[in-house]
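Undergrad: Heads up: the protein sequence lines correspond to chains H and S, in order.
Take the first sequence: its position 392, counted from the start at 1, is 372 in our numbering, and no numbers get skipped.
Count along the second sequence starting at 1, add 1445, and that's the number in our numbering.
Virtual Cβ for every residue (Gly too), placed ideally from N, Cα, C.
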Amino acid sequence: MQQRLAPRLLPIRLNTAALTTLAAALLIGAPVLVALMTGLFGGGGDAWAHIVSTQLLGYTLTTLGVLFLTTVFILLFAVPSAWFVSLFDFPGRGFFEWALILPLAAPGYVLAYAWADIMDVAGPVQSFIRDMTGLSARDYWFPGLYSVPGLSFVMACALFPYAYLTSRAAFSNLSLCTMEAARSLGASPRRIFFNVVIPSARPAIFAGLALALMETAADYGAASYLGVQTLSVGIFRAWHSFSEPAVAARLAFLLILIAFGLQLIERQARGRGGTQQTATRWRTPKRRQLSRRAGWLVAAGCTALLLLAFVFPVTRLIWVSLETGIGQKSIWRPFLNSLTLALAGSALAFVFAVTVVIGARQNRFSQIVGRLAAGAGYAAPGIVLALGALFILSWTGFSVAGPAALVFLVWIYASRFTAAGAEPLSAAFSRAPASLGNAARSLGANRFQRLVRVDLPVAMSGAAAASIILFVEMLKELPATLMLRPFNWDTLAVQAHAYASDERLAAATLPSLLITLAGLGPVILLSLQLTKAGESRAAG
Amino acid sequence: MSKHLPLKAVGVSRVYDGTPVVNEASLTLEPGKITALLGQSGAGKSTLLRLFAGLEPVDAGEILLGDRVLSSTSTHVPAESRSIGLIFQDFALFPHLNALDNVGFGLKRMAKEARRNRSAEWLERLGLSHRAKAYPHQLSGGEQQRVSIARALAAEPVAILMDEPFSGLDVTLKSEVREIALSAVSEAGIPALLVSHDASEAMRDADRIAVMKKGVILQEDTPEMLYLKPTSLPVARALGSLQSIARADMPAEWVASLPKAETYCLRPEAIRMSNDEGMPMQVVSAQRTSTIIELELKLNGHATLRGVGIGAHRPSPGDTVKVSLSPEFVFCLPPEAP
């Protein structure tokens, strides 16, 4: 039996595992760190002073306005639908339970193209109104989509499923005992809903909402298409149109603050939700049958939501695409580019995610460092990360237009989405017993053997989910790709954006539909998985 | 690796943030014997187990296998080189391996076929040969724990350490799994440690019991001796229910048969209902549990006394019954330090 000196326990033990995680964390966090530092210390010169006096307030207020209105829309869309789907029986409930997640498949900018076309003066809605009333376009007022409320509506349509999912889980986990206790104390159903149900589900609702708002703040494609001057649009313009990267970095700093703030809310809300779920003995309430009339009313509401958020816009895109002829040869190149980038990015993000998740199990230091870096990358909008990468590119002397930019783009993808991949991997570990590592040690497995024989295989059970999520997220990514891709090197998202921005919606439909189609498979899979998990929990 | 050697902790300590979690604990685990480590949550039982296993270094003292030092302040043989088997409350089965491969995980330097045969033998020994291909999530709790015991024993460990191994199982499974598991452990002839907070489990399963509190081993002996001859109040309490009665409140004829003390500690079975002779006392309450009747008796104006009775007739409150004292269940123990 070999003997060796006991390593004294220091507060931080920089062993191989910790150093590997640290290296991965630095790679993941570098772009956001660079963007932050440049924003803080880079100085903005006269251009910054000009922006401060003319546009900064506008960008900030517009962004906050969009976030506020999106919150209102999401709460209206997600909470009632989740409430009825979780706790009541009505016609089509089983279908809506999973179908209401479908809008996640289409990125916000795709919905923006479709809705802008639907609501256009020459679009189907206004044409129908004119045909029915005989009025001309000048004779009536019609809500414009090219506005803060319009963008908020589109983003809420695309992202409400985040809040729907977390609310649904919270409502399904409600304690029947709590509701019965409230009833025995004389509370009316209305009071139970507002004073018992909503407060106990609030952390979960906030968590989903914060995720959706992070995505909204990060959006560039929809905002720029609808002409809403958010911070993301401002950053892109400062960099692209005014060639003022320092100003862009300053604006990015503001956007990061908003994104990190939202992430903090999400983390805290999720933490509180977790505590609540373990604190009490739960008995899941059985679903109550709604009256015939109420049932049909709720079904109509859910149908309307699904139509607005998914069916109408996607059908419109298909319609336009078919109307103008689907054969577009130029789609293959961007398709292959998208595929290559998403595959390379997924592979790198996957390696990062495995390193972070396995590192987190080794020691506390790795856990904190890995989580911080992945969290920062995920919260930071793609546009900010791309800006960070551009700074690094220019410092290192690589050409922004050369192939190095593609390598950087893969890196940015990985930096942005490592957290999304780490989640299913870490879920695979959380399903495994906590003492696995010690069990393997007691059976003689050294650190390397434990990595190969236990940690990696356990993590791999979540690998399929992680890979699909990473791949689809990267396929949809727009702003970072737009900023970093070499000239003439288009992806599907870039091509859709370019065509749509040139008012060539017909040409933008095919890439948009391909992106949506790619997203649809994983979303249906996820949705069925979640629904099944819910059913087995209810049965148990 | 030599077998059938005692595993010893000699004056070991472990300190977290300046607080000793295990404080100069000494304990010898004899080959072929199951030693239970009994104490409440936070007593330091699991930490002492981790020190034995090598999952943590010691801050003072030594862990020895026979005469070989496994842990000291200058030496630390890592857990993976100790060949000490561990059995966990959460079973710790590898979720990506089936039952057979889980058992084979620790079998090294063996041909694939031999490893499979050995694993299959162990599964059969624990009554699980029909579940060899099942993955952990397809096994019941009891089956999972039996696989984890087979896995630990198949690796031919020099000792086996069990951390609350049966507390994750429901009552009906518990006795069945316990019987199979502990007989396999005993047959292996190696030292075994069973960490538990359940006194009745420790008394039934272990050959020896060590009672631990606040990181200190208070007393270690056979279950019988610990129950009947505790040296301190915490040990007496750890092993079973106890009531304190002041000497002044005790009937004079009972005091005569007891050693002199200010306060007496009585197990419930010290006071027994008898049919023919004894001291008459009024019943305050009487509850039948499965085998005995638990009595609360009026001792004097302000105190009551707990006792037990066996029989078909359960007295009603207000009845007078005759009770006798069994002095072997009465202890004179120094009061507990605050």
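Chain S beta carbons: is any one of them nearer than 8 Å to that of H/G424?
TA: Locating residue 424 of chain H in the first sequence gives position 444, where the first residue counts as 1. True, the Cβ-Cβ gap to chain S drops below 8 Å.
Undergrad: Could you tell me the alpha carbon to alpha carbon distance between H/Y126 and H/V134, rounded to whole angstroms?
TA: Residue numbering aside, residue 126 of chain H sits at position 146 when the first sequence is read from its first letter. Residue numbering aside, residue 134 of chain H sits at position 154 when the first sequence is read from its first letter. C-alpha separation (whole angstroms): 11 Å.
Undergrad: Cβ closer than 7 Å: which chain S residues qualify as neighbours of H/V434?
TA: As a position in the first sequence, residue 434 of chain H is number 454, starting the count at 1. By Cβ distance, chain S contributes F1539.
Undergrad: DSSP three-state label for H/N317, please.
TA: Start at 1 with the first residue of the first sequence, and residue 317 of chain H comes out as number 337. Note: H/N317 maps to helix in three-state DSSP.
Undergrad: Give a yes or no on whether the C-beta atoms belonging to S/A1651 and S/A1604 are separated by under 8 Å.
TA: Taking the first residue of the second sequence as 1, we reach residue 1651 of chain S at position 206. Taking the first residue of the second sequence as 1, we reach residue 1604 of chain S at position 159. Contact flag unset, no.
Undergrad: Just how far apart, CA to CA, sit H/F21 and H/P437?
TA: For the purposes of this step, residue 21 of chain H is taken as the residue at position 41 of the first sequence. For the purposes of this step, residue 437 of chain H is taken as the residue at position 457 of the first sequence. Cα-Cα distance, rounded: 44 Å.
Undergrad: Between which two residues does the alpha helix (DSSP H) carrying S/V1622 extend?
TA: Here residue 1622 of chain S is taken as the residue at index 177 of the second sequence, counted from 1. S/V1622 -> alpha helix (DSSP H) spans 1616 to 1633.
Undergrad: Near H/Y200, what residues of its chain come up, given a Cβ to Cβ distance below 7 Å and the 5 sequence neighbours on each side ignored?
TA: Counting from one through the first sequence, the residue named residue 200 of chain H turns up at place 220. Answer for H/Y200: S212, V213, F216, I363, L458, P459, listed in chain order.
Undergrad: Taking the Cβ atom as the reference point for each residue, do H/I54 and H/A143 lie within a distance shorter than 8 Å?
TA: Within the first sequence, numbered from 1, the residue matching residue 54 of chain H stands at position 74. Within the first sequence, numbered from 1, the residue matching residue 143 of chain H stands at position 163. The answer is yes: Cβ separation under 8 Å.
Undergrad: Which residues in chain S have a C-beta closer than 7 Å to the C-beta of H/L416? List them in chain order.
TA: In the first sequence, residue 416 of chain H corresponds to position 436, counting from 1. By Cβ distance, chain S contributes A1537, F1539.
Undergrad: Taking three-plus beta-carbon pairs below 8 Å as touching, is the region 1726 to 1737 of chain S in contact with the region 1673 to 1693 of chain S?
TA: Flag = no, the region 1726 to 1737 of chain S and the region 1673 to 1693 of chain S do not touch.
Undergrad: Quick one: grab the DSSP three-state call for S/L1530.
TA: Within the second sequence, the letter at position 85 stands for residue 1530 of chain S. With the sequence shown as reference, residue 1530 of chain S is identified as Gly, and Leu is not the correct amino acid for it. Three-state result, S/G1530: strand.
Undergrad: Does the CB of S/K1453 have a neighbour CB from chain H at under 8 Å?
TA: The residue labelled residue 1453 of chain S in the question sits at position 8 within the second sequence. No, because no Cβ of chain H sits closer than 8 Å to the Cβ of S/K1453.
Undergrad: Assuming the contact rule is C-beta atoms closer than 8 Å, H/L494 and H/A439 should be a hit. Round their C-beta distance to whole Å, please.
TA: Residue numbering aside, residue 494 of chain H sits at position 514 when the first sequence is read from its first letter. Residue numbering aside, residue 439 of chain H sits at position 459 when the first sequence is read from its first letter. Incorrect: roughly 31 Å between the Cβ atoms, too far for contact.
Undergrad: Cβ closer than 9 Å: which chain H residues qualify as neighbours of S/A1655?
TA: The residue you call residue 1655 of chain S lines up with position 210 of the second sequence. Residues of chain H passing the Cβ test: none, with the nearest at roughly 21 Å.
Undergrad: From H/A407, H/A249, H/T461, pick the residue whose C-alpha is nearest to that of H/V380; which is it?
TA: Here residue 380 of chain H corresponds to residue number 400 of the first sequence, with the count starting at 1. It is H/T461.
Undergrad: Please report how far the alpha carbon of S/F1611 lies from the alpha carbon of H/P71, in whole angstroms.
TA: Against the second sequence, residue 1611 of chain S aligns to sequence position 166. Against the first sequence, residue 71 of chain H aligns to sequence position 91. One C-alpha to the other measures close to 47 Å.
Undergrad: Of all the CB atoms in chain S, is at least one closer than 8 Å to the CB of H/A(-3)?
TA: What you label residue -3 of chain H is simply residue 17 of the first sequence in a count that begins at 1. Chain S contact via Cβ: absent.
Undergrad: Would you please verify whether the beta carbon of S/K1743 is less than 8 Å from any beta carbon of chain H?
TA: Looking up residue 1743 of chain S in the second sequence gives position 298. Output row for S/K1743: interface = no.
Undergrad: Should H/P413 be flagged as near chain S, meaning a C-beta pair shorter than 8 Å?
TA: As a working note, residue 413 of chain H is residue 433 in the first sequence. For H/P413, the answer is yes, since a Cβ of chain S falls inside 8 Å of its Cβ.
Undergrad: Excluding five sequence neighbours on each side, which residues of the same chain lie with their C-beta closer than 8 Å to the C-beta of H/G207?
TA: For this step, residue 207 of chain H is matched to residue 227 along the first sequence. Once the five neighbours on either side are set aside, the close Cβ partners of H/G207 are Y126.
Undergrad: Quick one: which chain H residues come within Cβ less than 9 Å of S/A1600?
TA: Working through the second sequence from its first residue, we reach residue 1600 of chain S at position 155. Chain H residues near S/A1600: S422, L423, G424.
Undergrad: When you compare only the Cα positions, how much space is there between H/A192 and S/S1519?
TA: Residue 192 of chain H sits at position 212 when you count from the first residue of the first sequence. Residue 1519 of chain S sits at position 74 when you count from the first residue of the second sequence. Roughly 54 Å separates the two Cα atoms.
Undergrad: Grab the span of the alpha helix (DSSP H) containing H/T196 for me, first residue to last.
TA: The residue given as residue 196 of chain H occupies position 216 in the first sequence. That run of the alpha helix (DSSP H) goes 178 to 198.
Undergrad: Comparing the C-beta of H/V438 with each C-beta of chain S, is any distance below 8 Å?
TA: For this step, residue 438 of chain H is matched to residue 458 along the first sequence. Taking Cβ atoms only, chain S reaches closer than 8 Å to H/V438, which makes this a yes.
Undergrad: Quick one: is the Cβ of S/V1467 within less than 7 Å of any heavy atom of the ligand MG?
TA: With respect to the ligand MG, the structure offers nothing, as it holds no ligand at all.
Undergrad: In chain S, which residues lie less than 9 Å from H/A289 when you measure between Cβ atoms?
TA: The count along the first sequence starts at 1 and reaches residue 289 of chain H at position 309. Under the 9 Å cutoff, chain S gives no residues; its nearest Cβ is about 36 Å from H/A289.
Undergrad: So that I know if they touch, is there some Cβ in chain H lying closer than 8 Å to that of S/S1528?
TA: Here residue 1528 of chain S is taken as the residue at index 83 of the second sequence, counted from 1. So yes, S/S1528 belongs to the interface.
Undergrad: Mapping the DSSP letters down to three states, classify H/L125 as helix, strand or coil.
TA: The residue you call residue 125 of chain H lines up with position 145 of the first sequence. In the structure shown, H/L125 sits in coil (DSSP, three-state: anything other than H, G, I, E or B).
Undergrad: Taking 6 Å as the limit between beta carbons, can you name the residues of its chain near H/F378, skipping five residues before and five after?
TA: For the purposes of this step, residue 378 of chain H is taken as the residue at position 398 of the first sequence. Counting only Cβ-Cβ distances below 6 Å, and skipping sequence neighbours, we find A384.
Undergrad: From H/L115 to H/A360, what distance separates their C-alpha atoms?
TA: Along the first sequence, read from residue 1 onward, the residue named residue 115 of chain H stands at position 135. Along the first sequence, read from residue 1 onward, the residue named residue 360 of chain H stands at position 380. Rounded to the nearest angstrom, the two C-alpha atoms are 47 Å apart.
Undergrad: Taking Cβ positions only, does H/S447 come closer than 8 Å to chain S?
TA: To locate residue 447 of chain H, count along the first sequence from 1; it is residue 467. It does not: the Cβ of H/S447 has no partner Cβ on chain S nearer than 8 Å.
Undergrad: Would you mind working out which of H/R313, H/I392, H/N418 sits nearest S/L1496, comparing C-alpha positions?
TA: Position 51 of the second sequence, counted from the first residue, corresponds to residue 1496 of chain S. Closest option to S/L1496, Cα to Cα, is H/N418.
Undergrad: Please classify S/H1541: does DSSP put it in a helix, a strand, or coil?
TA: On the second sequence, residue 1541 of chain S is found 96 positions in, with the first residue counted as 1. Here S/H1541 sits in coil by DSSP.
Undergrad: Along the chain, where does the alpha helix (DSSP H) containing S/M1648 start, and where does it finish?
TA: What you label residue 1648 of chain S is simply residue 203 of the second sequence in a count that begins at 1. Looking at the DSSP string, the run of the alpha helix (DSSP H) that includes S/M1648 is 1644 to 1650.
Undergrad: Run down chain H in chain order and give the residues with a C-beta less than 8 Å from the C-beta of S/A1524.
TA: In the second sequence, counting from the first residue as 1, residue 1524 of chain S sits at position 79. Going along chain H in sequence order, the residues near S/A1524 (Cβ under 8 Å) are N418, R421, S422.
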